[in-house]
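Peer 1: Would you mind keeping the following structure in view while I ask a few things?
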Amino acid sequence: MSNGSTPAADVERIARWNSTTRPFRRTTIHELVTEAAASVPDRPALVSGSGVVATHAELERASNQVAHQLRAMGVGRGALVGLLSEHVPQAVVAMLGILKSGAAYVPLDPAWPIARVQSLLGQLEVACVLAGRAQLRMLFEVQWALPRLRDVLCLEVETAELPVEPIDRGAVRELWDLITGADDPLKAAGFNFRASGYRYTPSDVAAYRDRVVGLARWWLGSGGRVLEVGFGSGLVLQALAPSVDRYVGIDPSVGGLERNRAWAADEAVEVELVEGFADEVAAKVTGPFDLAVLASTLQFFPGPRYFEVVLEQLVSLVVPGGAVLLADVIDPSSGQAQGGLRVPPAYFKDLVAGAGKVAGLEVHQRDPGAFAGELGARYDVVLLVGAGGRQEERSRRWWTGWHVARQPHDPPKPDATPEDVSYVIFTSGSTGIPKGVMVRHEAVANLIDWVNRTYEIGPADQLLLVTSFCFDLSVYDIFGILAAGGSIRMVGDDQLQEPDLLLNLLEREEITFWDSAPAALAVVLPFTTLRAPRGRNTLRLVFLSGDWIPLGMPEEVRNQFPRARIVALGGATEATVWSNFFEVHAVDPAWPSIPYGRPIQNARYYVLDDALRMCPIGVAGDLYIAGACLALGYVGDPATTAERFPPDPWSATSGGRMYRTGDRARWLPDGNLQFLGRLDRQVKIRGYRIELDEIEVHLNQQPAVRASVVLVEPTRHGPRLAAFVTSHDRELTSGELRRFLARRLPEYMVPNRIQVLEQFPVGPTGKIDRRALLAIEQPPRGR
Amino acid sequence: MEQRDDEAIHKVVMNDEEQHSIWPAEHQNPLGWHDVGMQGRREECLSYVNQHWTDIRPRGLRRGVDR
Chain A
156 MSNGSTPAAD VERIARWNST TRPFRRTTIH ELVTEAAASV PDRPALVSGS GVVATHAELE
216 RASNQVAHQL RAMGVGRGAL VGLLSEHVPQ AVVAMLGILK SGAAYVPLDP AWPIARVQSL
276 LGQLEVACVL AGRAQLRMLF EVQWALPRLR DVLCLEVETA ELPVEPIDRG AVRELWDLIT
336 GADDPLKAAG FNFRASGYRY TPSDVAAYRD RVVGLARWWL GSGGRVLEVG FGSGLVLQAL
396 APSVDRYVGI DPSVGGLERN RAWAADEAVE VELVEGFADE VAAKVTGPFD LAVLASTLQF
456 FPGPRYFEVV LEQLVSLVVP GGAVLLADVI DPSSGQAQGG LRVPPAYFKD LVAGAGKVAG
516 LEVHQRDPGA FAGELGARYD VVLLVGAGGR QEERSRRWWT GWHVARQPHD PPKPDATPED
576 VSYVIFTSGS TGIPKGVMVR HEAVANLIDW VNRTYEIGPA DQLLLVTSFC FDLSVYDIFG
636 ILAAGGSIRM VGDDQLQEPD LLLNLLEREE ITFWDSAPAA LAVVLPFTTL RAPRGRNTLR
696 LVFLSGDWIP LGMPEEVRNQ FPRARIVALG GATEATVWSN FFEVHAVDPA WPSIPYGRPI
756 QNARYYVLDD ALRMCPIGVA GDLYIAGACL ALGYVGDPAT TAERFPPDPW SATSGGRMYR
816 TGDRARWLPD GNLQFLGRLD RQVKIRGYRI ELDEIEVHLN QQPAVRASVV LVEPTRHGPR
876 LAAFVTSHDR ELTSGELRRF LARRLPEYMV PNRIQVLEQF PVGPTGKIDR RALLAIEQPP
936 RGR
Chain B
257 MEQRDDEAIH KVVMNDEEQH SIWPAEHQNP LGWHDVGMQG RREECLSYVN QHWTDIRPRG
317 LRRGVDR
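Chains A and B are the protein sequences, given in the same order. The first sequence runs 156 to 938 under the numbering used here. The second sequence runs 257 to 323 under the numbering used here.
Structure, rendered in structure tokens:
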């Protein structure tokens with residue numbers, strides 16, 4: 156390979172800086188953790204606010220059980236298992252269990268919009284997800300759109316069945332007393348309560364009522380026996396009851412009950428009205444019925460299990476050949492009623508395939524033009540009740556900690572090899588599609604070996620876990636510290652947002668190790684000056700990576716935590732967390748930035764020109780990483796993998812590859828690298844890697860958007876995202892665009908500034924003048 | 257913005273693990289890489305890779321898992 160005009164002496168020096176070869180144990184991540192557990196079984200492994208949650212031996216046994224459970228479910232080597240959980244101790248047990256089963260874990264952030272979680276699970280064809288208890292609802296909603304997703308396991312649930320979601324009876328009754336007590340008949344029927352949004356007219360509501368009554372009448376023919384659950388103000392009841400043989404209604408609201416009793420007396424219509432909740436229907440009502448109706452009621456149920464319980468009771472009250480009419484069901488894909496129970500049509504199809512007495516199904520989609528507001532996006536379902544007796548397997552299986560607790564404690568037979576994939580972590584992609592990076596066990600083993608040896612991490616160390624599982628820093632945070640026999644201090648997601656609380660932990664507990672992007676530490680530091688220091692001698696190691704480190708930060712940290720060694724690290728998800736480091740001592744005021752440093756063991760760095768020739772020392776070029784740290788590539792994306800991982804012409808081993816980071820850098824004469832920023836439009840903001848193009852791709856999907864440009868805008872508070880949009884629609888507001896993006900992208904990718912313009916400024920080259928865009932004055936509000 | 261010569265002629269190369277990549281056509285292949293017989297503009301090469309390298313796991317791993 157040509158080294159261009161680079162002097163031979165430079166090539167030789169660079170080669171020396173890159174001679175990092177060092178033997179390390181090529182093994183799996185979980186093997187490293189298991190070995191540590193054997194040497195310090197009784198030391199803490201997981202620590203929370205209430206003390207030690209698990210010792211190393213306990214974590215070992217619990218994760219073995221998870222692995223056995225996964226194997227029993229058919230998960231093993233080569234599989235990808237989703238992990239959708241907040242920072243709870245069970246999430247660590249889950250990750251370790253997944254690795255021990257032989258599979259790789261794929262972390263998904265519960266804070267992501269549901270559409271992103273769904274699309275990533277679909278993209279990877281994930282068949283099994285380990286979920287936190289708080290994420291079960293999200294999974295219930297997405298799983299029906301994912302034909303490959305079959306198994307969900309929730310370790311936090313200890314009963315064999317998922318628990319029926321509790322309902323706050325007092326609060327629900329009070330709410331519906333308030334609603335059904337409204338003077339305005341539309342409000343009493345539950346419409347127009349929100350301050351904003353579409354205002355329904357009496358004819359809108361009548362159209363909805365006629366739809367429900369029409370479906371019921373069509374099913375009943377003449378006469379018939381009807382049970383209505385949640386009749387509310389009586390919208391459907393008063394239209395349907397006069398023409399049937401028997402009408403029974405149940406509702407928790409006393410106000411609604413009285414209102415309809417009065418109506419029945421006035422109209423001399425015979426109805427039987429019962430006070431009660433939907434889950435009490437079998438106990439309080441006597442059948443049989445030809446039709447059970449739930450109109451616009453389902454979304455107020457506390458969860459899918461509650462609905463199942465109610466449905467079972469309804470089916471038992473309806474005669475074979477009868478039906479259950481579920482009117483006004485909300486599909487999660489509509490984006491409506493977040494927090495309410497939303498059920499996709501696929502759920503009902505599965506119910507029919509499943510067994511029990513539901514024998515058939517009619518899904519009636521609505522013509523959006525015929526219904527106002529949100530009603531047009533809802534749908535109606537008729538479930539046909541049969542005689543029962545069929546026993547087929549449902550397509551979805553739910554497992555819990557109860558099942559796991561029944562598995563053996565002993566280690567499962569090892570399956571994965573060091574060359575296997577251990578995790579897939581997503582990075583933002585330029586096509587608008589995130590890319591899943593596949594990282595092998597042995598690359599992580601190299602990293603752990605390097606960190607733990609270099610910084611003498613041991614059983615006395617405790618790391619405060621502040622990073623999302625979807626960020627690869629967490630890979631070291633979890634497995635690195637455990638492999639050293641140390642412990643992880645877990646903090647709940649809500650507490651992670653409170654920097655003063657994190658400082659409390661640093662001061663009062665035995666935390667020795669902080670690892671984060673600089674921004675996460677930057678929010679904690681101001682609190683250190685607000686109070687007298689106490690217990691700031693325990694923290695001995697601070698790792699900062701993922702973004703520019705403010706030049707004043709190392710000194711600030713050392714002033715407050717005098718024992719702390721500060722290490723700046725860099726690399727890429729594609730090169731396994733970190734592959735270069737620089738220990739920061741005194742910061743030279745002449746530095747433009749903290750040096751990027753040198754490669755870690757078994758990693759090599761190249762600075763190359765456009766023709767892939769080495770740049771001389773001091774000359775800026777494209778930064779490439781090579782060595783044992785490289786990822787395998789991007790799941791399902793051979794072209795991008797081939798493009799980003801070219802052959803390594805300097806590799807001593809045959810067929811070696813390197814990774815094109817997309818960063819610019821140069822070698823400094825002392826053998827340190829200097830980082831010069833991103834080459835392309837991939838940026839880092841608050842530690843998150845963001846492809847500006849991805850945001851533009853999403854903005855451009857908004858129907859009123861003509862074109863969009865997303866830029867990074869420097870502000871007094873650091874860089875932030877600014878989006879500029881041209882539109883033909885004079886009514887288009889930044890608020891609308893913000894909501895549109897928030898449904899599709901994680902919060903950190905939604906620009907702080909969104910501005911709608913009539914035209915973009917154009918520069919001398921004919922391209923959009925980006926600098927001029929940022930100079931445009933921001934309106935105080937609206938457009 | 258990234259500068260790249262999209263018109264430059266590349267070739268598709270493969271190593272013993274059957275990992276594919278692209279390489280400037282005028283350059284000699286690095287150690288352990290051989291031509292697969294496809295040459296063209298960058299995009300053409302990448303589209304060839306997409307069609308022919310359907311499982312990006314290295315050959316050794318593929319064999320182990322699918323045994």
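Using N, Cα and C, we set each Cβ at its ideal position, and we do this for glycine too.
1. For the beta strand (DSSP E) containing A:R380, list its first residue and its last residue.
2. Give a yes or no on whether 8 Å exceeds the smallest Cβ distance from B:Q275 to chain A.
3. On the CB-based measure, 16 or more other CB atoms within 10 Å of its CB, does A:N601 come out buried or exposed?
4. Are there 16 or more other CB atoms within 10 angstroms of the CB of A:W373, so buried, or fewer, so exposed?
5. What are the start and end residues of the alpha helix (DSSP H) that includes A:M120?
6. For B:D322, tell me which candidate among A:A482, A:A286, A:I588, A:D575 has the shortest Cα-Cα distance.
7. I'd like to know whether the C-beta atoms of A:G252 and A:V221 end up nearer to each other than 8 Å.
8. Quick check: is the beta carbon of A:R926 nearer than 8 Å to any beta carbon in chain B?
9. Tell me, please, whether the region 835-848 of chain A touches the region 866-883 of chain A by the rule of three or more beta-carbon pairs shorter than 8 Å.
10. Can you tell me the Cα-Cα spacing of A:R925 and A:D848, whole angstroms?
11. What do you get for A:L685, buried or exposed, if any count of 16 or more other CB atoms within 10 angstroms of its CB means buried?
12. I need the straight-line Cα distance from A:L823 to A:Q829, nearest angstrom please.
13. If the cut is a Cβ gap below 7 Å, which residues of chain A does B:D291 touch?
14. Can you check whether the CB of A:A859 is closer than 8 Å to the CB of A:A820?
15. Counting contacts by CB-CB distance shorter than 8 Å, is A:G810 in contact with chain B?
16. Which full runs of the beta strand (DSSP E) of 3+ residues lie inside the region 612-636 of chain A, going along the chain?
17. With 8 Å as the C-beta to C-beta threshold (strictly closer), list the residues of the region 276-287 of chain B near chain A in chain order.
18. Quick check on A:R177: does DSSP put it in helix, strand or coil?
19. Between A:R181 and chain B, is any beta-carbon pair separated by less than 8 Å?
20. Cutting at 8 Å between CB atoms, please list the residues of its own chain near A:P268, excluding the five before and the five after it.
21. Is A:C784 helix, strand or coil when you go by DSSP?
22. Tell me the start and end of each unbroken beta strand (DSSP E) in the region 508-545 of chain A that is at least 3 residues and wholly inside, in chain order.
23. A:P573 and A:E597 look like a contact to me (Cβ under 8 Å); what is the Cβ gap, rounded to whole Å?
24. Identify whether A:S585 lies in helix, strand or coil by the three-state DSSP scheme.
25. Against chain A, does B:R313 count as a neighbour if the rule is that its beta carbon must be under 8 Å from one of theirs?
26. Note the first and the last residue of the continuous alpha helix (DSSP H) segment covering A:V248.
27. Candidates A:T189, A:V606, A:F915: which alpha carbon is nearest A:H883's?
28. Is the region 281-288 of chain A touching the region 413-429 of chain A, taking contact as three or more C-beta pairs under 8 Å?
29. Among the residues of its own chain, which have a CB less than 7 Å from the CB of A:S203, if the five just before and after it don't count?
30. At the level of alpha carbons, what is the spacing between A:P321 and A:Y461?
31. Based on the DSSP output, what are the partners of A:V272 in its beta bridges?
32. Between the beta-carbon of A:R180 and the beta-carbon of A:D570, is there less than 8 Å?
33. Where A:A270 and A:G873 are concerned, what is the direct C-alpha to C-alpha distance, given to the nearest angstrom?
34. Measure from the C-beta of A:A794 to each C-beta in chain B and report whether the shortest distance is under 8 Å.
35. Using the three-state DSSP reduction, which class does B:Q275 fall into: helix, strand or coil?
36. Nearest to A:Q520 by CA position, among A:D483, A:L694, A:A878, A:W553, is which residue?
Peer 2: So, from the data block:
1. Residue numbering aside, residue 380 of chain A sits at position 225 when the first sequence is read from its first letter. Start and end: 380-384.
2. Translated into positions along the second sequence, residue 275 of chain B becomes position 19. It does; some Cβ of chain A falls within 8 Å.
3. One-based indexing of the first sequence puts residue 601 of chain A at position 446. Label assigned to A:N601: buried.
4. For the purposes of this step, residue 373 of chain A is taken as the residue at position 218 of the first sequence. Its Cβ having fewer than 16 others within 10 Å, A:W373 is exposed.
5. Coverage of chain A is limited to positions 156 through 938, which leaves residue 120 of chain A absent and any answer about it impossible.
6. What you label residue 322 of chain B is simply residue 66 of the second sequence in a count that begins at 1. Residue A:D575 is the option with its Cα nearest to B:D322.
7. Residue numbering aside, residue 252 of chain A sits at position 97 when the first sequence is read from its first letter. Residue numbering aside, residue 221 of chain A sits at position 66 when the first sequence is read from its first letter. A contact, by the Cβ cut-off of 8 Å.
8. For this step, residue 926 of chain A is matched to residue 771 along the first sequence. Not an interface residue.
9. yes
10. Residue numbering aside, residue 925 of chain A sits at position 770 when the first sequence is read from its first letter. Residue numbering aside, residue 848 of chain A sits at position 693 when the first sequence is read from its first letter. Computed Cα separation, rounded: 14 Å.
11. The residue given as residue 685 of chain A occupies position 530 in the first sequence. A:L685 is exposed by the Cβ-count criterion.
12. Against the first sequence, residue 823 of chain A aligns to sequence position 668. Against the first sequence, residue 829 of chain A aligns to sequence position 674. Taking the straight line from one Cα to the other gives about 7 Å.
13. Numbered from its first residue, the second sequence carries residue 291 of chain B at position 35. By Cβ distance, chain A contributes nothing, its closest Cβ being about 12 Å from B:D291, past 7 Å.
14. Against the first sequence, residue 820 of chain A aligns to sequence position 665. Against the first sequence, residue 859 of chain A aligns to sequence position 704. Not a contact, by the Cβ cut-off of 8 Å.
15. Position 655 of the first sequence, counting from 1, holds the residue named residue 810 of chain A. Chain B contact via Cβ: present.
16. 617-619
17. H276, S277, I278, W279, P280, H283, Q284, N285, P286, L287
18. Stepping through the first sequence from its first residue, residue 177 of chain A is reached at position 22. A:R177 falls in the coil class under three-state DSSP.
19. Your numbering for residue 181 of chain A matches position 26 in the first sequence. With 8 Å as the cut-off, A:R181 does not count as an interface residue toward chain B.
20. Within the first sequence, the letter at position 113 stands for residue 268 of chain A. Cβ neighbours of A:P268 beyond the five flanking positions: A897, R898, R899, L900, P901.
21. Along the first sequence, read from residue 1 onward, the residue named residue 784 of chain A stands at position 629. Three-state DSSP puts A:C784 in coil, outside helix and strand.
22. 513-520, 534-540
23. In the first sequence, the residue the question calls residue 573 of chain A occupies position 418. In the first sequence, the residue the question calls residue 597 of chain A occupies position 442. About 4 Å separates the two Cβ atoms, so the contact holds.
24. The residue given as residue 585 of chain A occupies position 430 in the first sequence. Any reading at A:S585 must be qualified, since the residue scores a pLDDT of 49, below 50, and its modelled position is unreliable; no value is offered.
25. Sequence index remark: in the second sequence, residue 313 of chain B carries index 57 (1-based). Answer yes: the Cβ-Cβ gap between B:R313 and chain A drops below 8 Å somewhere.
26. By 1-based counting over the first sequence, the position of residue 248 of chain A is 93. Per DSSP, A:V248 belongs to the alpha helix (DSSP H) from 244-256.
27. As a first step, residue 883 of chain A is located in the first sequence; it is residue number 728 there, counting from the start. Ranking the options by Cα distance to A:H883, first place goes to A:F915.
28. no
29. Working through the first sequence from its first residue, we reach residue 203 of chain A at position 48. Answer for A:S203: P244, M645, listed in chain order.
30. The residue given as residue 321 of chain A occupies position 166 in the first sequence. The residue given as residue 461 of chain A occupies position 306 in the first sequence. Each residue's Cα considered, the two are about 8 Å apart.
31. For the purposes of this step, residue 272 of chain A is identified with residue 117 of the first sequence, where counting begins at 1. In the DSSP output, where bridge partners are listed per residue, A:V272 has none listed.
32. As a position in the first sequence, residue 180 of chain A is number 25, starting the count at 1. As a position in the first sequence, residue 570 of chain A is number 415, starting the count at 1. No, Cβ-Cβ distance for A:R180 and A:D570 is not below 8 Å.
33. Here residue 270 of chain A refers to the residue found at position 115 when the first sequence is read from its first residue. Here residue 873 of chain A refers to the residue found at position 718 when the first sequence is read from its first residue. Rounded to whole angstroms, A:A270 to A:G873 spans 30 Å at the Cα level.
34. Within the first sequence, the letter at position 639 stands for residue 794 of chain A. By this cut-off, A:A794 is an interface position.
35. Taking the first residue of the second sequence as position 1, residue 275 of chain B is located at position 19. B:Q275 falls in the coil class under three-state DSSP.
36. Here residue 520 of chain A corresponds to residue number 365 of the first sequence, with the count starting at 1. Out of A:D483, A:L694, A:A878, A:W553, A:D483 has the C-alpha closest to the C-alpha of A:Q520.
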